[in-house]
Amino acid sequence: MRDLRRHWLVTLCVVASLALAAMGITVVHIASVETVRNLESTGIRTSYQYVVPIATNEEKHYFELRRDWRSGALPTIEAMVPILEGTTEAEGRLVQVLGIDVLADTSGSFDDSLSSQDTGFLTQNTLIAIGSDWTVGDVVNGSTVIASTPSRYNLFIADLPTAQGLLGRPGQIDAVWMRRKEAEKFSFVERIWPGLLTGLGYRAPPLEVEGYQIQSMSSWNPLHSFSGSIAFNLSLLGALAILVSGFIAYEACSNNVRRRRLEMDRLGALGVDQWQLRGTFLIEALLIGAIGSLLGIGIAIAFLQLLQLVDVSDSFNVVLIASFKSVAVSIGTLLFAIHLATSKSNNRIRKSIYGLLVAICLGLLLWGAFPVSGLLGAFVVMVGMCILQVLIVVPAFVGLVSRIGLAVSLTRLTWLMVLRQAIKQFRSFRVPVSAFSIAIATAIGISLMVTSFRTNFEDMLDVRLRPGLHIESASEFDTSVASEWEAVENLRSYYRTVGRLAKGPVNLTATNLDAWETSRYGYDSAIERGTMINRQLAMQHNLKIGDALNIELPHNRQLTVTVVHVFNSYGSNEGRAIVDVGAIDTAGWTRDRVTINPIAGREAELQQRIASTSSNAIVSDNSERRTAALRVFDQTFVLTNAIALVAVIIAVVGLLSAALAMYGAQKQEFKLLRTVGIGDRTLVVSTLLQSGLFGFLACVIALPLGISIAWVLCEMVNPRAFQWTIDLHLDPWVVLRPTLLAFGAAVAACLIPFLLQRKHP
Amino acid sequence: MAIQLDNVGKRFTDGNSDRWVLENLSFSIAEAESVAVIGPSGCGKTTLLNLLSGQLAIDAGTVQVCFPGKAAFRLNEVNAKDLLHYRRSDIGFVYQFFNLIPTLTLKENVLLPVELTKRKHLREQALSRIATLGLNDRIDAFPEELSGGEQQRAAIARALAHEPHIIFADEPTGNLDADNSKIVADLLWQEVTKSNATLVVATHSDAILRRANRVIDL
Ligand SMILES: Nc1ncnc2c1ncn2[C@@H]1O[C@H](COP(=O)(O)OP(=O)(O)O)[C@@H](O)[C@H]1O
Ligand SMILES: [Mg+2]
Numbered sequence: 034m035r036d037l038r039r040h041w042l043v044t045l046c047v048v049a050s051l052a053l054a055a056m057g058i059t060v061v062h063i064a065s066v067e068t069v070r071n072l073e074s075t076g077i078r079t080s081y082q083y084v085v086p087i088a089t090n091e092e093k094h095y096f097e098l099r100r101d102w103r104s105g106a107l108p109t110i111e112a113m114v115p116i117l118e119g120t121t122e123a124e125g126r127l128v129q130v131l132g133i134d135v136l137a138d139t140s141g142s143f144d145d146s147l148s149s150q151d152t153g154f155l156t157q158n159t160l161i162a163i164g165s166d167w168t169v170g171d172v173v174n175g176s177t178v179i180a181s182t183p184s185r186y187n188l189f190i191a192d193l194p195t196a197q198g199l200l201g202r203p204g205q206i207d208a209v210w211m212r213r214k215e216a217e218k219f220s221f222v223e224r225i226w227p228g229l230l231t232g233l234g235y236r237a238p239p240l241e242v243e244g245y246q247i248q249s250m251s252s253w254n255p256l257h258s259f260s261g262s263i264a265f266n267l268s269l270l271g272a273l274a275i276l277v278s279g280f281i282a283y284e285a286c287s288n289n290v291r292r293r294r295l296e297m298d299r300l301g302a303l304g305v306d307q308w309q310l311r312g313t314f315l316i317e318a319l320l321i322g323a324i325g326s327l328l329g330i331g332i333a334i335a336f337l338q339l340l341q342l343v344d345v346s347d348s349f350n351v352v353l354i355a356s357f358k359s360v361a362v363s364i365g366t367l368l369f370a371i372h373l374a375t376s377k378s379n380n381r382i383r384k385s386i387y388g389l390l391v392a393i394c395l396g397l398l399l400w401g402a403f404p405v406s407g408l409l410g411a412f413v414v415m416v417g418m419c420i421l422q423v424l425i426v427v428p429a430f431v432g433l434v435s436r437i438g439l440a441v442s443l444t445r446l447t448w449l450m451v452l453r454q455a456i457k458q459f460r461s462f463r464v465p466v467s468a469f470s471i472a473i474a475t476a477i478g479i480s481l482m483v484t485s486f487r488t489n490f491e492d493m494l495d496v497r498l499r500p501g502l503h504i505e506s507a508s509e510f511d512t513s514v515a516s517e518w519e520a521v522e523n524l525r526s527y528y529r530t531v532g533r534l535a536k537g538p539v540n541l542t543a544t545n546l547d548a549w550e551t552s553r554y555g556y557d558s559a560i561e562r563g564t565m566i567n568r569q570l571a572m573q574h575n576l577k578i579g580d581a582l583n584i585e586l587p588h589n590r591q592l593t594v595t596v597v598h599v600f601n602s603y604g605s606n607e608g609r610a611i612v613d614v615g616a617i618d619t620a621g622w623t624r625d626r627v628t629i630n631p632i633a634g635r636e637a638e639l640q641q642r643i644a645s646t647s648s649n650a651i652v653s654d655n656s657e658r659r660t661a662a663l664r665v666f667d668q669t670f671v672l673t674n675a676i677a678l679v680a681v682i683i684a685v686v687g688l689l690s691a692a693l694a695m696y697g698a699q700k701q702e703f704k705l706l707r708t709v710g711i712g713d714r715t716l717v718v719s720t721l722l723q724s725g726l727f728g729f730l731a732c733v734i735a736l737p738l739g740i741s742i743a744w745v746l747c748e749m750v751n752p753r754a755f756q757w758t759i760d761l762h763l764d765p766w767v768v769l770r771p772t773l774l775a776f777g778a779a780v781a782a783c784l785i786p787f788l789l790q791r792k793h794p
Numbered sequence: 137m138a139i140q141l142d143n144v145g146k147r148f149t150d151g152n153s154d155r156w157v158l159e160n161l162s163f164s165i166a167e168a169e170s171v172a173v174i175g176p177s178g179c180g181k182t183t184l185l186n187l188l189s190g191q192l193a194i195d196a197g198t199v200q201v202c203f204p205g206k207a208a209f210r211l212n213e214v215n216a217k218d219l220l221h222y223r224r225s226d227i228g229f230v231y232q233f234f235n236l237i238p239t240l241t242l243k244e245n246v247l248l249p250v251e252l253t254k255r256k257h258l259r260e261q262a263l264s265r266i267a268t269l270g271l272n273d274r275i276d277a278f279p280e281e282l283s284g285g286e287q288q289r290a291a292i293a294r295a296l297a298h299e300p301h302i303i304f305a306d307e308p309t310g311n312l313d314a315d316n317s318k319i320v321a322d323l324l325w326q327e328v329t330k331s332n333a334t335l336v337v338a339t340h341s342d343a344i345l346r347r348a349n350r351v352i353d354l
């Protein structure tokens, strides 16, 4: 303990780096869970993988399916529930209603905010209210709210009969939702690493039942894979943050351990028992690890709470998992550092390990460059690049800089000293500089990726989401009446079904493909006999413009169309083809979506009118949908910025602990410089210059990696995970902001030892 | 008279208690004299040298410094700027070890005081002293590439490069073996005598003691 106090600064650095590592992990975890949750109105939907639309709304189809399932026809299905969706008016507001037969699926594990117990309590005339407008005990249209969860969405979840009553549709259902047997396993994975499944491209395998069209839930809930994508990208950043913080915590720890080792040897020579020494050592390490990670978790929670990103108080489980993860990582790093620092190292073995690592990295990079390696390959490329940065790029750059530095001749010896000192520091800080550069690169890469994604997404929204109303679940909605309303300028119906291509099922949409409609997808003229497909379908089936598609439609019909356009869609990772409604017979198709362009200024009136005419239609305003989609991005921005900041802080603590390790030698040097007659002002200026040069070099080495990470994220990770590409926008400000921040922090980290010695000369 | 001490004292604070390391020290050192300061380890030799070279504040008494062609002044009264000038121009220093700036070559280390004092005319002389000290083939080496003896010889060249009035040497041979000690002591004396400087050297070494004009036992 006395020793801890004596070296309080070094110990502080170890604790701080562990704390920051823990903080990084906790923040990333909670943030990504929160992102997913924010994007989805309720987790109920995500616990089912298939949707069977019931076009006739008859409950008997559900019983039919259930009978088939009981007799073993659907062996991969664990549970199924009939559901009814619609909009009702409550206290002057339009609220979405989701009716679900809770007795049909008692094994349901919904998300954290809504457990199966909650839904289990639903009885006749009770509701669970999602959204901030209602509290427990309120009576809405004759039903009592028994639970409420705050959310941006307004949604009532009710027992099926209650919902039927609320919507005035007795005996009707809209769909049957089904859950796959492994869903439980998957939800566990999602809890540990949010977005991983989406990132790994997990898609429920197609399911076929005679007489029904079974669709994947993700094509009904496109935001799911979208939020998955963002969570996955965040997690990637998190993984890199873990890498960097582990690295730095390791550096700080092993510095400490090496110092302690000397002491151990000395005490050992005095006859103190080695095992006893090692024991105290371990206890001390665990103590530091525990303090560090607890501190980190605390800071993370305070940080998230302070930025008002997350209401941590109602996500206890999430915080718990995040804490577990971070404690595991910090203690693991610490033990690893102790192990490495106490075991004797052999130079030859080390060299061959180095060569082997480089060879493996290069091999993996090469493998990952081929698209067949899939998402794992892209992942490997990212990590491989970071490892190569440590093994090759930084050492090579350090070598180059040293050579240049030695070749430079400055007439003023004082400046020469500054230059050489900076280079020397750069050389001896190879490890922290590597970690620093990875952290900065990660910050740059992720910011660039998210900015580019947002630019692309906004461009897409600009053409795709025209002003107007969007009506979902519209099978009941009478378009012939609505098109007569005077507030309606333009009304469009969208039909969907699942067709078959040679390689598998395909989601089909049919609508009037006039020039107005095709322009939403970036095409310039009307389409009659052709089809527009999304990039996902093009990738999955290896299709290009001009290829002919032979689609098998319901009711044994055939459709042959030529691909005339491939469009980007960021909603879902499902393949989709759009055909002209004139080319098909709509029997066997569901009209699930209607869009209405109201005469300007009459949106609200129309919205009311639609809701009162058709109780099962879900109406939303496109401008609201646009705002909601972009809000997600802005939230993500705040998070990515926050995480990037954490990464930078971690990296700086790494530099600081390295600088403190050099403190002894530096102190002597300062003393010498003073005696030679170098004044205080010159010392301050030259230390500033030296730190500045060091920071500059450290940032320079981070830039290429940062841009490469952004490139890999845009061109490899996202296309392979979600089949969409993101055009990389090299926004200089986005690159500069983290770089400048890092530069300032690096300078500060290098200045601190100088300031310390000024205080205690 | 180069330096005159009157009742000089230095106090260090250990925790809460003050301790006088040097007390009532009075003596003077003449121009071009060589003085050896001896005494058991911990008696305050380094402290004394640091006081006289203006690196430590003087807690009691006065230290008067007087050089030819320059007004006499008291070290305990000068301002920071003059003190810096004193350290830079009037004195040279040789420590027991760690004398050279690691990022500069031997030659650059030696030339640094010449540059700092802007005495360009001393450049050639400084370079030729490197040769005299037998370091000509090590001129572009960095300190870490030099042996202990070479480092001390380079330190002597550096301490004398700007023709200071006084050289302070704190156990300059303390880190060397007997042979090297003798070589370094010889060269130190040879060069100091040649440049007519005053020498104050703290030492345990007989080789140095024997050559000193005077010995001060603390
Ligand atoms: N910065 C300091 N703070 C406290 N005590 C000091 C400091 N420097 C030296 N001392 C003490 O002053 C005494 C003299 O030290 P020093 O001058 O180094 O002795 P010498 O060089 O003769 O061996 C020693 O007891 C030492 O512990
Ligand atoms: Mg001493």
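In the order they appear, the protein sequences are chains A and B.
If you're matching positions, the first sequence starts at 34 in this note's numbering and goes up one per residue.
If you're matching positions, the second sequence starts at 137 in this note's numbering and goes up one per residue.
Glycine is no exception: its CB is placed at the ideal position from the N, C-alpha and C atoms.
When secondary structure is reduced to three states using DSSP, A/G388 falls in the helix class.
Within the DSSP bridge table, the entry for A/H598 names A/M565 as partners. Here A/G410 carries a helix assignment [DSSP, helix/strand/coil]. In this structure, the straight-line span from the alpha carbon of A/H94 to that of A/N601 is close to 36 angstroms. Short note on A/G687: C-beta not closer than 8 angstroms to any heavy atom of ligand 1. Each residue's CA atom was taken as its position, placing B/A262 and A/V423 some 44 angstroms apart. Secondary structure at A/G57: helix, using DSSP grouped into helix, strand and coil.
For A/M450, the residues of chain B that pass the 7 angstroms Cβ criterion are I237, T239 and L240, in the order they occur in the chain.
Against chain A, the CB of B/H340 has no partner CB under 9 angstroms away; the residue lies outside that interface. Shown in chain order are the residues whose CB sits closer than 5 angstroms to a heavy atom of ligand 1: B/F148, B/V157, B/S177, B/G178, B/C179, B/G180, B/K181, B/T182 and B/T183.
Under the three-state reduction of DSSP output, B/L158 falls in the strand class. Here B/M137 is exposed. Its C-beta has fewer than 16 other C-beta atoms within 10 Å. Taking 9 angstroms as the CB threshold, B/H221 lines the interface with chain A. Comparing C-alpha distances from B/I174 to each of B/A168, B/T183, B/E280 and B/K318 shows the shortest one belongs to B/T183. Per DSSP, A/P404 lies in no beta strand (DSSP E) and is assigned neither H nor E.
Per DSSP, reduced to three states, the secondary structure at A/P108 is coil, with no helix or strand assignment. Just measuring C-alpha positions, the residue of A/E522, A/G478, A/N523 and A/Q591 sitting nearest A/L534 is A/Q591. Secondary structure note for B/H221: its alpha helix (DSSP H) is the uninterrupted segment A216 to H221.
Per DSSP, the beta-bridge partners of B/Q140 are B/S164 and B/Q200. In the pairwise beta carbon analysis, the region 655-665 of chain A is classified as not touching the region 546-557 of chain A: fewer than three pairs are separated by under 8 angstroms. Closest option to B/V230, judged by alpha-carbon separation, among B/A291, B/S331 and B/W325: B/A291.
Contact note: B/L247 reaches chain A through L446, using a C-beta cutoff of 9 angstroms and chain order.
Taking CB atoms only, A/R463 has no neighbour in chain B less than 9 angstroms away. Looking at the backbone, the Cα of A/R299 and that of A/V391 are separated by about 38 angstroms. Between B/F203 and chain A, the shortest Cβ-Cβ separation is not below 9 angstroms. In the same chain as B/L219, and ignoring 5 residues on each side of it, the C-beta atoms closer than 6 angstroms to its own belong to G190, in chain order.
For A/V627, the enclosing beta strand (DSSP E) stretches over residues T623 to P631. Straight-line measurement puts the Cα of A/P194 at about 12 angstroms from the Cα of A/L136. Look at A/K536 here: in three-state DSSP terms it is coil, with no helix or strand label. Taking 8 angstroms as the upper bound for CB-CB distance, A/Q640 and A/L502 are in contact here, some 6 angstroms apart. Excluding the 5 residues flanking it on each side, A/C419 has same chain C-beta neighbours closer than 6 angstroms at I471, in chain order. Our two residues, A/I740 and B/L282, have alpha carbons roughly 44 angstroms apart in a direct line. Interface flag for A/T708 against chain B is set, since a Cβ pair is found closer than 9 angstroms.
Contact of B/E167 with chain A is not assigned, every C-beta pair being separated by 9 angstroms or more. The three-state secondary structure of A/D654, taken from DSSP, is strand.
A/V426 places its beta carbon less than 9 angstroms from that of A/L738.
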